[in-house]
Amino acid sequence: MNNSLMIDLLSDNARQGVDDLHFVSSLGILFFPSIVFVTYVCLWWHHLMYGKKKGLVVHPIVRTFIAVLWNLEHIHDWMTEQLKEKTSSMTARLVRPGSAAFYLTRCLNLSLPNVKLAHAFDTATAITSSRFFMCPFVWGTKRALNIGSERILHESLRQIDEFAIDMIQKRMQKLLESSTELRSGLNSDDAPEPLSSPPHMDLLSRFMGVATEAEKLRTLDSSGGDDQKRGGYSDVFLRDIVISFLLAGRDTSSSGLSWLFWLLSRHRRVVDAIRAEIREVVKSRNCTNLSTGASKFTYEELKNMHYLHAELSESPRLYPPLPVDTKFSVKEDVLPDGTRIPKGSIVAYASYAMGRMEQLWGSDCLEFKPERWLQNGGFVPQCPYKYAVLQAGPRICLGKELALLQIKLVTTGLINCFDFDVPEDFKPTYEISLLLPMKYGLPTKISPSERES
Numbered sequence: 000m001n002n003s004l005m006i007d008l009l010s011d012n013a014r015q016g017v018d019d020l021h022f023v024s025s026l027g028i029l030f031f032p033s034i035v036f037v038t039y040v041c042l043w044w045h046h047l048m049y050g051k052k053k054g055l056v057v058h059p060i061v062r063t064f065i066a067v068l069w070n071l072e073h074i075h076d077w078m079t080e081q082l083k084e085k086t087s088s089m090t091a092r093l094v095r096p097g098s099a100a101f102y103l104t105r106c107l108n109l110s111l112p113n114v115k116l117a118h119a120f121d122t123a124t125a126i127t128s129s130r131f132f133m134c135p136f137v138w139g140t141k142r143a144l145n146i147g148s149e150r151i152l153h154e155s156l157r158q159i160d161e162f163a164i165d166m167i168q169k170r171m172q173k174l175l176e177s178s179t180e181l182r183s184g185l186n187s188d189d190a191p192e193p194l195s196s197p198p199h200m201d202l203l204s205r206f207m208g209v210a211t212e213a214e215k216l217r218t219l220d221s222s223g224g225d226d227q228k229r230g231g232y233s234d235v236f237l238r239d240i241v242i243s244f245l246l247a248g249r250d251t252s253s254s255g256l257s258w259l260f261w262l263l264s265r266h267r268r269v270v271d272a273i274r275a276e277i278r279e280v281v282k283s284r285n286c287t288n289l290s291t292g293a294s295k296f297t298y299e300e301l302k303n304m305h306y307l308h309a310e311l312s313e314s315p316r317l318y319p320p321l322p323v324d325t326k327f328s329v330k331e332d333v334l335p336d337g338t339r340i341p342k343g344s345i346v347a348y349a350s351y352a353m354g355r356m357e358q359l360w361g362s363d364c365l366e367f368k369p370e371r372w373l374q375n376g377g378f379v380p381q382c383p384y385k386y387a388v389l390q391a392g393p394r395i396c397l398g399k400e401l402a403l404l405q406i407k408l409v410t411t412g413l414i415n416c417f418d419f420d421v422p423e424d425f426k427p428t429y430e431i432s433l434l435l436p437m438k439y440g441l442p443t444k445i446s447p448s449e450r451e452s
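Here numbering that gives the first Met the number 0 is used: the first residue of the sequence shown is 0, the next is one more, and so on.
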């Protein structure tokens, strides 16, 4: 190849490179104004929607997602700080990319399952909880493809559904047998014999309409499908009722007891005060054996233990079994502090944060202080919209009194009979869940207590 040919080839390559550069430059000149315009519109829209709002800074595109991930390990404490320090209205706004806003407030106006089922419940609640901190596109795609955590969630929900439907069908069979036995007794000339298994009057049976729909129950086939009616309600509705009660009652009491006994291990005076109250009740019945007497408390005796009641109210104030309770806004609304809630938003009241607000509980809000519930030795309840641990108003927990009674029985029995020694260096933390379970449980050494005889 001669020199002139070589020079011609290099010249051609150089010209081609210049032409390519001109083409790229032309594209940049063409699209740059468009990119600037789109960016401007996005920033303008973002400022219009969030720039003048109170609370957390909502960044373009990533919104508050990075801040949530950064503080995920101590999410409830972080949310408490946001509500205490960065919002005068006590309402914070969390916004995930591609999702409706999540409002964190209820600045409320002050005026029995097997191991397999238990595992399924734990798995379902954990995965469901993780959705709140994940882009909807991610978990939505996994659900559509039935892969990863969403596949596990689907299987867990299937097991829970099977348990609920089985419970409904068995209860239906019991009710049918009781109804048949009752009618046989009424049709005979002799007086009816006592039923071998009296009709159940629990909540599930009441939903089935055992009192008002007896004739309907008699004619129903207990093997019906989802559309089968049970005294006026479908199997799907009854299934949801069963799951709702299981979800509301499972682990809430045990979680609360873990935090309770950790607090008691740090406040010996509270334990002594409860034991003194137990002694007074037992001695009033002329019973000298505290151990025997404490296992036979009546409802009225437990009801009159005012310090015990105060202590069982103070513990969930700081460590509520349900730290955040979420609702879905079916229409546009306005919170008591003036915050506008668009339709389709998620609204949550943070009971964990509410128990740590000086605006509600005073400067000693972080102290474990049962005395704040007492006046002249008697228990004085707080406003339910200030102490919304078990919700308030028409949606207050139906099992509130039963749960409180169970915890009273467990607490009095254990405190009266045992001492609990928790390591001094133990610093509990919570798991990220719909509930507030103590991570790794409560390590404690249990020994018989020295009781008066």
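C-beta: ideal position from N, C-alpha, C; glycine also.
Determine the contact status of residue i and residue j, defining contact as a CB-CB distance below 8 angstroms.
| i | j | result |
| --- | --- | --- |
| Leu321 | Thr251 | yes |
| Leu435 | Ser254 | yes |
| Thr325 | Ile340 | no |
| Val388 | Pro319 | yes |
| Met78 | Ala349 | yes |
| His305 | Gly376 | yes |
| Pro459 | Ala309 | No statement about residue 459 is possible, as the shown extent of the chain runs from 0 to 452 and does not include it. |
| Ala119 | Gln158 | yes |
| Ser283 | Leu441 | no |
| Ile240 | Leu263 | no |
| Ile414 | Val281 | no |
| Thr63 | Leu82 | no |
| Lys141 | Glu149 | yes |
| Asp234 | Ile164 | yes |
| Val333 | Tyr351 | no |
| Asp424 | Thr443 | no |
I'd like the span of the alpha helix (DSSP H) that includes residue i, first residue to last.
| i | result |
| --- | --- |
| Phe260 | 251-265 |
| Tyr306 | 305-317 |
| Pro135 | 135-144 |
| Phe64 | 64-69 |
| Asp357 | Position check: residue 357 holds Glu in this sequence, whereas Asp was assumed. Segment 357-360, the alpha helix (DSSP H) holding Glu357. |
| Ser204 | 202-207 |
Measure the alpha-carbon distance for residue i versus residue j and round it to whole angstroms.
| i | j | result |
| --- | --- | --- |
| Asp225 | Arg316 | The pLDDT assigned to Asp225 is 45, lower than 50, so where the model puts this residue is not dependable; a value taken from the coordinates is nonetheless given after this. So the two alpha carbons sit approximately 40 angstroms from each other. |
| Pro191 | Ala117 | At Pro191, the pLDDT of 47 sits below 50, so the modelled position is not reliable; the number obtained from the coordinates is stated separately. Taking the straight line joining both Cα atoms gives about 42 angstroms. |
| Ser196 | Lys169 | Because Ser196 sits at a pLDDT of 43, beneath the cut-off of 50, its placement in the model cannot be relied upon, and the following sentence gives the value as read from the coordinates. Using only the alpha carbons, I get a separation of about 14 angstroms. |
| Thr90 | Glu176 | 53 angstroms |
| Leu71 | Glu430 | 10 angstroms |
| Pro393 | Ser446 | 44 angstroms |
| Leu219 | Leu245 | Model confidence at Leu219 stands at a pLDDT of 46, short of 50, so the residue's coordinates are unreliable; what they give is reported in the following sentence. Going from the Cα of Leu219 to the Cα of Leu245 covers about 26 angstroms. |
| Ile406 | Lys399 | 11 angstroms |
| Arg238 | Gly248 | 15 angstroms |
| Pro135 | Ile242 | 24 angstroms |
| Cys416 | Lys426 | 25 angstroms |
| Thr127 | Trp69 | 20 angstroms |
| Arg371 | Gly361 | 10 angstroms |
| Val379 | Leu307 | 12 angstroms |
| Val23 | Trp138 | Because the pLDDT of Val23 is 48, which lies under 50, any placement of that residue in the model is unreliable, and the number read from its coordinates should be weighed accordingly. In a straight line, the C-alpha of Val23 is about 39 angstroms away from that of Trp138. |
| Ile74 | Val67 | 7 angstroms |
| Val209 | Cys364 | Any reading at Val209 is ruled out, since the residue's pLDDT is 47, under 50, leaving its predicted position unreliable. |
| Glu161 | Ser314 | 36 angstroms |
| Leu397 | Pro335 | 25 angstroms |
| Cys382 | Gly147 | 44 angstroms |
| Ala143 | Thr122 | 19 angstroms |
| Tyr384 | Glu357 | 15 angstroms |
| Gln374 | Ser448 | 30 angstroms |
| Ser129 | Gly343 | 20 angstroms |
| Met437 | Leu174 | 40 angstroms |
Who pairs with residue i in a beta bridge, going by DSSP?
| i | result |
| --- | --- |
| Ile340 | Asp332 |
| Gly377 | Gln374 |
| Tyr429 | Met437 |
| Asp481 | Because the chain here runs from 0 to 452, residue 481 falls outside it and cannot be looked at. |
How would you write the range of the beta strand (DSSP E) that residue i sits in, first residue to last?
| i | result |
| --- | --- |
| Lys302 | Unbroken run through Lys302 is the alpha helix (DSSP H), 298-302; no beta strand (DSSP E). |
| Ile445 | 444-447 |
Please find out if some non-hydrogen atom of the ligand MN comes closer than 7 angstroms to the beta-carbon of residue i.
| i | result |
| --- | --- |
| Gly392 | As far as ligands go, the structure on display features none, and thus does not contain the ligand MN. |
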